[in-house]
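If you're matching them up, the sequences are chains U and X in order.
Position 47 (the first sequence) corresponds to 47 in our numbering; numbering is contiguous.
Just so we're on the same page, our numbering is the position in the second sequence counted from 1, plus 413.
Some notes on the structure that comes next.
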Amino acid sequence: MKRELNINHLTRVEGHGAVNIVIENDKLREIKLRFTEGPRFFEYITRERLYNEIPKIVSRICGICYVSHRLSSIAAIEDAFDVKVTEEIDLLRKLLIVGEYLESHALHLYFLALPDYMGYPSALAMAKDYPNVVKRGFHIKEVGNRIMKLIGGKTVHGENILAGGFKSVPTKEQLQKIQDELYKVIPEIKATVSLFDSFHYPQYNEKPPFSLCINSEKFSILGNELILSDGTLFTKKEYEIFIEEKTSSYSTAKYSTIKGKPFLIGPLARVNHYVDTLRSETKEVLRNLKTKFPSENILHSNLARAVEMLELALEGVEICQKLIEAYPFEGEVEVKPKAGTGYGIKEAPRGLLFHKYTFDENGRCTSANIITPTAQLQAIIEENLGTLVERSKDAENEDLKKKAEMLIRAYDP
Amino acid sequence: MVKIGIMGLTGCSGCQCEILNCEDAIYKLLGRVEFSYFPLAQDNNSFEEFDVLFVEGSVTTDLDEEKVKKGREISKILVAVGSCACYGGVQSQRNDEVSLEEMIKGVYGTTELPVKISKPRAVSEVVKVDYELPGCPLDKRQFVYAVAFLLNGVKPFFPKIPVCHECKLSETECLTLKGIPCQGPISFSGCGAPCTSQGVGCQGCRGDCDFPNYNEMVSILERNGLKREDAFKFIKVFRGKQAQDRISKLFRGDLDEKGA
């Protein structure tokens, strides 16, 4: 008996995706996760452009995680030209990341994922019965947006985030106000953690996921070194050696593996790796949860997102304090182009992001390579879908579809 | 209830995010409009008929083309939002420089792709567009105004005056005079000039204002330190065909010299 399951347009995900599953005589025959998003040729449209055009162009890869693309490309440019920024510029970038994560994670948790767990087709539909829950989501998102607007200039695609730093920096009063807002949003984030801990998460993946994240002494979104869950360490320059990318015959996202295996990146990989080094206030919240980290269950990615929001909001309060104490400070250092290649990595909200550029002596880009989280996640999502189908062969088509969508959404592809 | 659709073609979803960022306005709108199609935000989507359909992204794949043509057929009003939908966006900036095959091969190493691809085009190159709300991303206030206008039977109208006008209104010091490359003099205002007020030159993400003087713009950019070819590239980032046509017409001699 042959059974086919097709989801032609995945909803509540950022890209354009579709899934085809074929089951024959109770055996899984085929799983295809297809991203049908049109290609946008970023590795090609950056060519021959001056280095200072690059962050602007590549930030358009993603409207939700534009800060990640900007900062990874900036890290690569500064790497290529040997630019060292000041501690304050570094702090401002980290504060920007706090804003990005609050915005992106709140959007994902409240607007894309939550409707699944509360049994609604959308957050807007949920708003009628649970106005306060939806408003909380809007509020956390708004705090993130305000930080990005203040430092970057706009909520989406702010142009003030540049190689060498920032053309202008926030005033002391503005920093105080942001610190205040972050401080006030912390209880709402804690409530989010507890809300997402309260749901039941069935496990659809078989073994502990093979995972990859940035390696550092404590929870870190930026860095130069990576670690696999089997303990293997490598540097950002070696990224392309470890990651094998294949062009897929049915998806416009490339198919990536490490050591021949699909791998996990993103919030769950990070929280699992850093759970012992989180701030004590975060750890205290974690102690009271029914879910324990490290966790092997992919669906706990949602809870991991909430945990990351808490850790980063706490960090944001500290960053504001340091910047207020350092006031006044310069926002920019000089950037002198020279020929060479630079590498930049960053943990984007949905997982690791890699940028590499080569420049000529005038700072014109001659080649680029960008590896996005979605491309790296395609393989592991397909693997999980296989396990899901194996485990729920008796499920009705509608039910199976729903589960598959929930699983894919947990990756926020 | 007025039926609204929000559709994404090839783009970054940034405009749809900005629409979701119109938090209070969306709450208020919910009493009068129904989002009958908004796949980024909801499951229950119907693609049957719309009073207003907002389209984000450029037309790059055969799927995009099919979707937007169908969307046009079933919509009373079609609004292109963001610079990808209005002009082709960043992905179209080298349409005049390299062939499609070269771009596909350069990125994928092969031309065998699962979808049929064309050079990125603006929505208006494929179907009739009633209104355009450009910007990268679109300006969310303009989105709310446009919806409010349309709900009340008024044609949305935003004058195509240059960004310089907004710098004057916000008393922002002129960056062109300070020697910073800025596209304000040839760019369509309406954004409130957030970039220039932070000391970053206008990047022209909203496209051309009425009667843009490219000749003068290019010579100012040259005076402010850009080589002529880099000035062209700087202007071309967001404007798609609009800028490519003007540049090829006005500067044909320069382009021939370079063999471009």
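Just so it is clear, CB atoms sit at the ideal spot from N, CA and C, and this is done for glycine as well.
Would you decide whether residue i is buried or exposed? Buried here means 16 or more other CB atoms lie within 10 Å of its CB.
{"i": "M1 (chain U)", "result": "exposed"}
{"i": "F570 (chain X)", "result": "exposed"}
{"i": "Q378 (chain U)", "result": "buried"}
{"i": "T524 (chain X)", "result": "exposed"}
{"i": "G678 (chain X)", "result": "Nothing about residue 678 (chain X) can be reported from this structure: the residues present for chain X run from 414 to 673 only."}
{"i": "R445 (chain X)", "result": "exposed"}
{"i": "L385 (chain U)", "result": "buried"}
{"i": "T423 (chain X)", "result": "buried"}
{"i": "A673 (chain X)", "result": "Annotation note: pLDDT 45 at A673 (chain X) (below 50); position unreliable, coordinate value reported separately. Exposed, since its Cβ has fewer than 16 Cβ neighbours within 10 Å."}
{"i": "M676 (chain X)", "result": "Nothing about residue 676 (chain X) can be read from this structure; chain X reaches only from 414 to 673."}
{"i": "K640 (chain X)", "result": "exposed"}
{"i": "I408 (chain U)", "result": "buried"}
{"i": "K489 (chain X)", "result": "exposed"}
{"i": "S459 (chain X)", "result": "exposed"}
{"i": "V567 (chain X)", "result": "exposed"}
{"i": "K654 (chain X)", "result": "buried"}
{"i": "N6 (chain U)", "result": "exposed"}
{"i": "T232 (chain U)", "result": "exposed"}
{"i": "Q321 (chain U)", "result": "exposed"}
{"i": "I54 (chain U)", "result": "buried"}
{"i": "L114 (chain U)", "result": "buried"}
Applying a beta-carbon distance threshold of less than 7 Å, which residues of chain U neighbour residue i?
{"i": "R619 (chain X)", "result": "The contacting residues do not exist; R619 (chain X) stays about 12 Å from chain U at best."}
{"i": "V536 (chain X)", "result": "The contacting residues do not exist; V536 (chain X) stays about 13 Å from chain U at best."}
{"i": "R485 (chain X)", "result": "In chain order: nothing, as chain U lies at least about 18 Å away."}
How many whole angstroms separate the CB atoms of residue i and residue j, which I take to be in contact at a CB cut-off of 8 Å?
{"i": "Y101 (chain U)", "j": "L312 (chain U)", "result": "5 Å"}
{"i": "L402 (chain X)", "j": "G495 (chain X)", "result": "Past the boundaries of the shown model lies residue 402 (chain X); chain X is included only from 414 to 673, so the question cannot be answered."}
{"i": "Y357 (chain U)", "j": "K237 (chain U)", "result": "Contact flag wrong, Cβ pair sits at about 13 Å."}
{"i": "I214 (chain U)", "j": "L226 (chain U)", "result": "6 Å"}
{"i": "I381 (chain U)", "j": "K94 (chain U)", "result": "At roughly 30 Å, the Cβ-Cβ gap does not stay under 8 Å, so I381 (chain U) and K94 (chain U) are not in contact."}
{"i": "V468 (chain X)", "j": "A438 (chain X)", "result": "With 8 Å as the limit, V468 (chain X) and A438 (chain X) do not qualify as a contact, their Cβ atoms being about 20 Å apart."}
{"i": "L526 (chain X)", "j": "T252 (chain U)", "result": "7 Å"}
{"i": "S449 (chain X)", "j": "G421 (chain X)", "result": "Going by Cβ atoms, the distance from S449 (chain X) to G421 (chain X) rounds to 15 Å, so no, they are not a contact pair."}
{"i": "P413 (chain U)", "j": "S104 (chain U)", "result": "Contact doesn't hold; Cβ gap of about 13 Å is too wide."}
{"i": "E347 (chain U)", "j": "R279 (chain U)", "result": "Between R279 (chain U) and E347 (chain U) the Cβ distance is about 17 Å, and since that is not below 8 Å, they are no contact."}
{"i": "N123 (chain U)", "j": "G144 (chain U)", "result": "Inspection of the sequence shows that residue 123 (chain U) is occupied by Ala rather than by Asn. Rounded, the Cβ-Cβ distance is 16 Å, inconsistent with contact."}
{"i": "V613 (chain X)", "j": "R534 (chain X)", "result": "Contact flag wrong, Cβ pair sits at about 29 Å."}
Identify the contact partners of residue i in chain X, using a Cβ-Cβ distance below 8 Å as the criterion.
{"i": "E14 (chain U)", "result": "S426, L453"}
{"i": "H157 (chain U)", "result": "G427, C549, P550, C618"}
{"i": "F414 (chain U)", "result": "Outside the shown range of chain U (1 to 413) lies residue 414 (chain U), about which nothing can therefore be said."}
{"i": "K292 (chain U)", "result": "Those within 8 Å of K292 (chain U) in chain X number zero; the least Cβ separation is about 31 Å."}
{"i": "I241 (chain U)", "result": "Per Cβ cutoff of 8 Å: no residues; I241 (chain U) is ~18 Å from chain X at best."}
{"i": "E53 (chain U)", "result": "K646, F647, V650"}
Taking Cβ-Cβ distances shorter than 7 Å, what residues in chain X pair up with residue i?
{"i": "F41 (chain U)", "result": "Q504, M516, V520"}
{"i": "R49 (chain U)", "result": "K646"}
{"i": "N145 (chain U)", "result": "N434"}
Report the neighbours of residue i on chain U: residues whose CB is nearer than 9 Å to its CB, in chain order.
{"i": "C430 (chain X)", "result": "E14, G63, I64, E103, L107, T155, V156"}
{"i": "E635 (chain X)", "result": "None at all; the shortest Cβ gap to chain U is about 14 Å."}
{"i": "T523 (chain X)", "result": "T247"}
By the criterion of Cβ-Cβ separation under 9 Å, what are the contact partners of residue i in chain X?
{"i": "L323 (chain U)", "result": "In chain order: nothing, as chain X lies at least about 17 Å away."}
{"i": "H9 (chain U)", "result": "P452, N458"}
{"i": "I97 (chain U)", "result": "Chain X residues near I97 (chain U): none, gap ~17 Å exceeds 9 Å."}
Output, in chain order, the set of chain U residues within a Cβ distance shorter than 8 Å of residue i.
{"i": "I417 (chain X)", "result": "What I417 (chain X) touches in chain U: nothing, since even the nearest Cβ is about 12 Å away."}
{"i": "E479 (chain X)", "result": "Per Cβ cutoff of 8 Å: no residues; E479 (chain X) is ~11 Å from chain U at best."}
{"i": "L466 (chain X)", "result": "Correct list: empty, because the minimum Cβ distance to chain U is about 16 Å."}
{"i": "I530 (chain X)", "result": "G38, P39"}
{"i": "R659 (chain X)", "result": "Per Cβ cutoff of 8 Å: no residues; R659 (chain X) is ~19 Å from chain U at best."}
Please list the partners that residue i has in chain C, where partner means a Cβ-to-Cβ separation under 7 Å.
{"i": "D643 (chain X)", "result": "Here chain C cannot be found, since the structure's protein chains are U and X."}
What are the complete alpha helix (DSSP H) segments, minimum 4 residues, inside the stretch 168-223 of chain U? 172-197
Taking only beta carbons into account, state which residues of the stretch 442-457 of chain X come closer than 9 Å to chain U, listed in chain order. L443, F448, F451, P452, L453, A454, Q455, D456, N457
Got a sec: which bits of the stretch 117-139 of chain U sit with their beta carbon under 8 Å from any beta carbon on chain X, in order along the chain? P121, S122, A123, L124, A125, A127, F138
Uninterrupted alpha helix (DSSP H) stretches inside the stretch 15-66 of chain U (no shorter than 4 residues): 42-45, 54-59
Whole beta strand (DSSP E) runs in the stretch 516-560 of chain X with 3 or more residues, listed along the chain? 530-534, 544-546
Cβ-based contacts, 7 Å cut-off: residues of the stretch 599-632 of chain X near chain U: P607, C608, Q611, G612, V613, Q616
Run through the stretch 445-511 of chain X for me and flag every whole beta strand (DSSP E) of 3 or more residues, listed as ranges in chain order. 446-450, 463-469, 472-474, 488-494
At what residue ranges does the stretch 122-171 of chain U contain a whole run of the alpha helix (DSSP H), taking only runs of 4 or more? 123-126, 131-152
Of all the residues that make up the stretch 14-28 of chain U, which are near chain X by a beta-carbon distance shorter than 9 Å? E14, G15, H16
With 8 Å as the C-beta to C-beta threshold (strictly closer), list the residues of the stretch 56-87 of chain U near chain X in chain order. K56, I57, R60, I61, C62, G63, I64, Y66
If you measure beta-carbon to beta-carbon, which residues of the stretch 164-186 of chain U are closer than 9 Å to chain X? F166, K167, S168
Return the residues of the stretch 568-582 of chain X that lie within a Cβ-Cβ distance of less than 8 Å from chain U, sorted by chain order. none
At what residue ranges does the stretch 255-318 of chain U contain a whole run of the alpha helix (DSSP H), taking only runs of 4 or more? 267-274, 280-287
Scan the stretch 364-404 of chain U and note each continuous beta strand (DSSP E) run of 3 residues or more that stays entirely inside, going in chain order. 365-371
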